[in-house]
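Chains as they are written, first to last, in our numbering: chain P, 113 to 706; chain W, 6 to 719. From the three backbone atoms N, C-alpha and C, an ideal C-beta is built for every residue, glycine too. See below for the structure under consideration.
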Amino acid sequence: MEVQLIAVICAVLFLVFLIYKEWKRAVRNFLILRLGCTVIAVASFLFLLLPIHYEVTEKVKKGELTLINLLAPPDSIPAKKVLYTLDSSVLKTYYSSKIKFIPDLSYYLANHPEIRQLNLYGDGLAKVDLEAIKGYQLNYHPSVLPTGVQSCNWEHQVSYSQPLKVQGIYHNNSYDFVKLLLKGLGNTLDSIIVRPQSDLNFDFKTTPKQLGKSVYQLMAIKDTDTLEKEDIPFEVKESEKVKILLLASSPDFEYKFLKNWLAGHQYPVALRSRISKDKFSTSFLNIEKLNLQSVNQSLLKQFDLVIADDLELASLNASEKAVLSNQIQQGMGLLVRMNEEKLNSSFAKRFFLNSMSMGKNSELKFQILGNPKALNKLSIENPIALITKAGDQKIVYDENSKVFVNSQLYGAGKILLSAIPSTYSLFLNGNQEDYATFWSSIISNAIQSDDKNSAIQVFPQFPQVNYPVNIQLTNKLGKSKPVVEIDGVNLPPLQSQIYQNEWEVTFWPKYKGWQEMKINEEITAFYIYGTDSWKTFRTSEKIKNTATFSKSDDKSPINSGNIIEKRESEVSKWWFFLLFMLSAGFLWFESRRI
Amino acid sequence: MDGKQWLIALQKKWVTLSVITLCLLSISIALPLTAVVIYLKHWGFFQVFCSAFLPIFLLFLAFNKAIRIKLTDLAIFINQYFPEVEESTNLVLIPIEKLNFLQRLQAKKVGEVLYQLPTPPQAQQKLIKAGVVLLLALLVTFGIRYLPLINNHAVSDLAQVAQETKIKDVIPAEISKVDVQIIAPSYTRLSIVNQKQFSLKVVEGAKVIWDINTNVAAKSIQFVFNEKETVELKVENEAKTKWGFNRQFKQSGFYQVIIDGKKSELYQIEVIEDLPVNIKIAKPAQQTVIDFGQARKVNLQVLLNDDYGITETFINATTASGKGESVSFKERKINFNDDISGRSLQLNKVLDLNALGMQPGDELYFFVKAKDNHGQESRSDIYIVSIADTAELMSMNGMLGGVNLVPEYFRSQRQIIIDTEKLLKEQPTISVEEFKNRSNNLGIDQKLLRLRYGKFLGEESETTIGEVPEGAEHAEGDGHDHAPAKMGEEKKFGDVSDIMKEYGHAHDNAEDATFFEPELKAKLKATLTEMWNSELRLRTYQPQEALPFEYKALRLLKDLQQSSRAYVAKTTIKTAPLKLEKRLTGELDKILETSIKEKEIVNNDQLIALQNSIAALEKLKQGKTLTIADQKFFGKARIALAQAASKNPSTYLNGLKLMTAIIEGNSRKLKDIEIAENALQKLMDNSPLLPVAAKESLSSDLGKAYFYNLKSKQ
């Protein structure tokens, strides 16, 4: 105010001085005009310094609220509208005088019941705020998705020897190439380059060699700048050893190699091979001696998987067959190996052979379900393929999609039929890796484990420090209420209204890193991410959520007339400048004329 | 004043400046020349430069006139250049007595004027020009030096083995100075290297001498090699501040210095192995067949490389001749004509198979053997050169007894060869027309044969395949007949299929289309190409040139014949008839069943320790404390790392150092932990994919319960 006052006083003094000079001038031409121009010139000069404000009243559509958020592109923001924001940092980034700040949306909306429609610009609203505007008409103008990881998923628990797969989408908005890296244990394990202005589905794969909890890093690098560095926590667990019973109709190399390979990796294996009528030779590896003379329930209960010849299964007596079938229905796996060109046992007859002959000796390149890499060539004499029917799952197939190992659900268990007579030649040819892949995939596909007591799911996907975490527990059916403890604090679980074995716990993490949780004295762990982790993921998640919300929320706009809003406006300085120039110009010209 | 003296001084000055100019010019020419030579030949700078500079300079001296300038010439020059001397400089050169009065006066005047004259600028101008030329020459020289090194010699110098380590050591504070002298074995011809640090990179068998000076007297200084072997250093002075030790190295590893019980960090010893000579045979291919008509010579091109020097190399050639059981081998050593020395060589040798006494059908097996100056021998793969045996192709062996697939075709190709040779033999005795006629006829035969084979490939025929077109001419007694293939068969009257065949247009026979495997078809196609070529030559009356193609066609046909043949041995075994009612009725109660409990296989300790150590290191990264079990795993992992580092220090030593620091609690830095983790995981092999039960989510529990209930209701 003081400065303005000084300016006014100065201007007045100056004006008085000028008028005096004009009055006193000898040549008294255009006196009135000169005096007028002097006054105008000084006044407009003063108004250039002190702009004139005035209030305008505007008719605004009643019930409209325009919100802008971060990342709203400046040119998309509507002019001549009263703008509001929920994010105080917006005030810094955009021209501040036009924007009003709303600290709490639901409170504001409750105070302004006339508002029916929201125009939203920028990166959207958080879930809480979206809840608050349910029932309102929402016009959402989303900002472009930021450069960064849009989604990312991996298994948080990996069994030893199994690969860790990190998959996701990276969105590159920039005009440069971005390099994505998976780093762990001081090594770059996998990498890919994202082209400018494109999306990329990345699929990183690495087989961790260590055990226990580790944190790998997903990094995005542009030239030498690190754009993003996110934690990829996971745990490698020694897998439960699958117990396998091998029933051979005669001693052969295939069983011998399989037995030795399984035993070499500490798998419990029992092998029974028929050497004559009702005479068997048995061997046990990593397992106590058992009586394998007859197949009965107590025997089968000790195994997860039976691998048997078709002929051997056919030679089982009726009660043995019934026991086996019952056990498979309970969840055990059975892999039947074909010996002849026809199917003999009742288990094998559930499948069908492809009658088309494939020619004499074929070199086949097998492809295994869930394994992108084909195996090395395996030569088979007179190969027979299988036919898949509805409900079957093909597990091993060749380049021409001819199926050689097929599987069927049988009760809670699975029956597999393999038409590949021998695979040990892979082993002998030095393709141990292929041999391992083949048998591991088949065995893994044949059995399922369910001896876990409880499983947890953590929401959100990337829990943050100081934000609530919802943990969903799934208990074994019929178990009582779980006792949950985190950092020595008992947390009360909330039972699901629909499923009696599902429980929910809410928890506020205090620090970053692995968070251990005790459920019924059993320790599980999940990872808490830092506050600035997965930023782009969260932003794009917010944008997508808001967009989906606005689409689903399609109520017709409510025309409830206009309301009058007052707004301060300013007279453009250009007018005063023009006046000043004209009057000063006249005065100058007039003085030259004399 | 005497003007003559002034002129003499000027002459001296002139000559000196001229000599300097010439010298500069010679350098200007010699320098770029030297650079070019060094660039191409990699010789020493000084020798090349001197041998270039001296002749140029001497040539300049011999032919340049400026240095032999005479006083009279100079006088004329002064006359022309300075008007003050009034054209009378030469007067001062003439003895006074010979001058007349006026001349004397003038000479005296000029003498005075001369002393006031400046030195003519021409003398320096030349020098300046020469300087500019020299500058340009220097620029060119440097330009040549920075040209990309062309590899004009694939065999040119390899990089010398460098005994310099790039690691920067931390030397214990007690040691004021350390001198390490590395003496490489003499055969390597490497110079002695002196360094001021402990980490070593030496060649195999190098002797290392340490001289250590300490700040204060030390009671003892020890070296611990690979954490196993401890050696005491020798004191070399009374004050116990100078210590020495020496040792020869054959294997990589690491060592540590202990001064009065205080351990230093670990220092790397990297031993560079001496590799045997690397032999690469550029020519010929591993399997070469010399066909009829080709020169019986093999051009052999070998590239040899070694780290220090090649002392000996030769070709070991074995010729195998004869066949069946009477194969005889002859081995001989063939030397290269070139001089064998240096670190890399490119050798050429032409092996003359005739000179080796090889006949058609013989084979030559050879390999190149080389020895380096350390006495290590190495040899190349075995290469085979064989001369195609045309006589073998002509033989009827195997044709008489075995399966006779399509013998007449083969006989025909053979017949064509025989006829061609016969024709060539008779050429001088028969008329040109006759010669041309017979050559043409042979071409027709070749065509027919080709068409017959073309049939197998389903090629469209020009005429009816297998039948001689009616207009075809045959010279009498050309030794072969072209009886139509189905001469023996008489046409049956009223055979519908025959009539159909005659009037129908069968494109190709379904059976023919699948008659051969693709591989066979490809061979057949190649045969046809040869036949085409042969026919072309025969039709253009060049039977001599057709002969190689005929032979090649025959050889390919022979291969075809062999590949589609199966031999079955005759068997004469009679088995007793089976009594089916008696089968599987034997008494088995005395047969014992075997039951074996095999030895349990357990995971090795080291792997478990390594796996768990990484987990523990990850814990440290999270800022958690270690358990006693973790410490134990660390201990075992450290031992494993130390073992690995003694074999391969460049990979594992840094990890070992940091692992030790982590175990002792000296470092918790993220980067150090990562390096240690990296080293540990390098020690582990990749595990193959192992069977794992597919995990089922627990929410399917409800489904299961439903399933069981459903079953019990059934």
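Beta-carbon of residue i versus every beta-carbon of chain W: anything under 8 angstroms?
i: P/Y641; result: no
i: P/S393; result: yes
i: P/H712; result: Residue 712 of chain P falls outside the range modelled here, since chain P spans only 113 to 706, and no answer is possible.
i: P/V261; result: no
i: P/D216; result: no
i: P/S437; result: no
i: P/V115; result: no
i: P/L425; result: no
i: P/A497; result: no
i: P/Q409; result: no
i: P/Q707; result: Beyond the ends of chain P as shown, which are 113 and 706, falls residue 707 of chain P; an answer cannot be given.
i: P/E597; result: no
Just checking: is the beta-carbon of residue i within a distance shorter than 8 angstroms of some beta-carbon in chain P?
i: W/Q636; result: no
i: W/T656; result: no
i: W/S444; result: no
i: W/E413; result: With a pLDDT of only 47 at W/E413, under 50, the local geometry of the prediction cannot be trusted, and no value is derived from it.
i: W/T632; result: no
i: W/E598; result: yes
Considering Cα atoms alone, identify which of the options is closest to residue i.
i: W/D296; options: W/K602, W/E555, W/N445, W/A650; result: W/E555
i: P/K501; options: P/A486, P/S519, P/P580; result: P/S519
i: W/K709; options: P/G443, P/S286, P/D216; result: P/G443
i: W/I636; options: W/T665, W/Q648, W/L593, W/L658; result: Reading off the sequence, residue 636 of chain W comes out as Gln, not Ile. For W/Q636, the nearest C-alpha among the options comes from W/T665.
i: W/V263; options: W/I601, W/V229, W/E275; result: It is worth fixing the name first, because residue 263 of chain W is Ile in this sequence and not Val. Checking every option, the nearest Cα to that of W/I263 belongs to W/V229.
i: P/T300; options: W/V697, W/E682, W/P582; result: W/E682
i: P/G525; options: P/Q441, P/E511, P/N488; result: P/Q441
Let me confirm a value: residue i is counted as buried when at least 16 other C-beta atoms fall within 10 Å, else exposed. Which label applies?
i: P/D335; result: exposed
i: W/L22; result: buried
i: W/G471; result: At W/G471, the pLDDT of 42 sits below 50, so the modelled position is not reliable; the number obtained from the coordinates is stated separately. With fewer than 16 other Cβ atoms within 10 Å, it is exposed.
i: P/E751; result: In the structure displayed, chain P extends from 113 to 706; residue 751 of chain P sits before or after that span and is not available.
i: W/Q52; result: exposed
i: W/A189; result: buried
i: W/Y711; result: exposed
i: W/K206; result: buried
i: W/E237; result: exposed
i: W/G148; result: exposed
i: P/G445; result: buried
Just to confirm, does residue i get its C-beta within under 7 angstroms of one of the non-hydrogen atoms of the ligand FAD?
i: P/L117; result: This structure lacks the ligand FAD; in fact it carries no ligand of any kind.
Open item on the list: Pairs of beta-carbons, one from the segment 539-546 of chain P and one from the segment 588-599 of chain P, closer than 8 angstroms: are there three or more?
Closed with: no
Task: Three-pair Cβ contact test at 8 angstroms for the segment 241-250 of chain W versus the segment 209-220 of chain W - done: yes
TODO: Using a Cβ-Cβ cut-off of less than 7 angstroms, give me the residues of the segment 325-354 of chain P that come near chain W, in sequence order.
DONE: K325, S326, V327, S351, E352, V354
Task: Cβ pair count under 8 angstroms reaching 3, the segment 644-660 of chain P against the segment 233-242 of chain P - done: yes
TODO: Tell me, please, whether the segment 282-289 of chain P touches the segment 303-312 of chain P by the rule of three or more beta-carbon pairs shorter than 8 angstroms.
DONE: yes
Open item on the list: To be precise: take each residue of the segment 25-38 of chain W, compare its Cβ to all Cβ atoms of chain P, and keep it if any distance is under 7 angstroms. Which residues remain?
Closed with: none
Open item on the list: Does the contact criterion of 3 or more C-beta pairs under 8 angstroms hold for the segment 393-411 of chain P versus the segment 669-679 of chain W?
Closed with: no
Open item on the list: I'd like to know if the segment 355-366 of chain P and the segment 639-656 of chain P are in contact, where contact means that at least 3 CB-CB pairs between them fall below 8 angstroms.
Closed with: no
Task: Segment contact, 8 angstroms Cβ cut-off, at least three pairs: the segment 278-298 of chain W with the segment 336-343 of chain W - done: no
Task: Three CB pairs or more closer than 8 angstroms across the segment 440-451 of chain W and the segment 537-548 of chain W - done: yes
Task: Inter-stretch contact at 8 angstroms, needing at least 3 Cβ pairs: the segment 378-390 of chain W / the segment 294-313 of chain W - done: yes
Task: Inter-stretch contact (C-beta, 8 angstroms, three-pair minimum) for the segment 338-350 of chain P and the segment 363-381 of chain P - done: no
Task: chain P contacts made by the segment 683-699 of chain W, where a contact means CB separation under 7 angstroms - done: N683, Q686, M689, N691, S692, P693, L694, L695, P696, V697, A698, A699
Open item on the list: Is it the case that the segment 452-460 of chain W contacts the segment 427-441 of chain W, given that we only count it when at least three CB pairs across the two stretches are under 8 angstroms?
Closed with: no
Task: the segment 277-307 of chain W: positions lying closer than 7 angstroms to chain P by Cβ - done: none
Task: Residues, ordered as in the chain, of the segment 646-672 of chain W that lie near chain P by beta-carbon distance below 7 angstroms - done: none
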